[in-house]
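First up is the structure itself, then whatever we jot down about it.
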């Protein structure tokens with residue numbers, strides 16, 4: 003659930019702002035179990051439904067769903083998305099929807115942060131980069147994962163040199179300039195080297 007009211011109390015009805023609810027629903031349809039994502043946008047001022055959509059998710063349509071949802075929200079709110087946001091989405095999303103599942107799975111592994119999860123994240127991102135070299139954000143995500151792995155279990159000299167070279171290449175890519183992941187990579191890299199002040203500035 004997302005809302006635009008300060009000090010929102012989820013247990014009480016609201017009379018201001020709007021509420022966006024996203025839920026995954028299992029429903030039996032014609033003797034088959036079907037899972038879909040339900041999206042509802044409600045105007046709390048009068049209780050009217052501004053948007054009500056359902057998406058059946060498959061292995062290859064996640065990107066299309068995301069694009070349709072953003073477009074539908076923009077129309078419902080009568081508010082175009084900022085140009086900078088649209089450019090950023092173009093930069094950080096793959097061109098093929100099938101890669102999105104693996105990318106989000108890898109990101110989830112990164113958030114877990116344990117050895118096994120980080121290794122799996124690195125493997126998944128490596129496969130993504132190999133199959134879609136133009137997906138530069140995945141390269142940056144892999145570099146972040148690998149530098150975090152190095153902070154826990156140091157890489158050998160050859161592996162570390164290769165990682166540092168990759169990081170040097172990534173931070174110069176114009177399409178990733180000023181994205182938060184670049185600052186995250188620089189901050190973790192500085193921490194690993196014991197440069198805490200530099201990491202703080204990042």
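Numbering (the numbering used here), first residue to last: 3 to 204.
Beta carbons are placed, not taken as given, at the ideal position from N, Cα and C, and that holds for glycine.
In terms of Cβ geometry, residue 21 and residue 64 do not form a close pair [threshold 9 Å]. Taking C-beta atoms as the reference points, residue 122 and residue 108 count as a pair closer than 9 Å.
The continuous alpha helix (DSSP H) containing residue 131 extends over residues 117 to 133.
According to the DSSP assignment, residue 55 belongs to the beta strand (DSSP E) that extends over 50 to 58.
Pairing residue 149 with residue 127 gives a Cβ-Cβ distance that is not under 9 Å. Boundaries cannot be given for residue 177, as no alpha helix (DSSP H) includes it and DSSP labels it neither H nor E. In terms of CA proximity to residue 37, 26 leads the group 47, 77, 26 and 44. Here residue 111 is buried: its Cβ has 16 or more other Cβ atoms, across all protein chains shown, within 10 Å.
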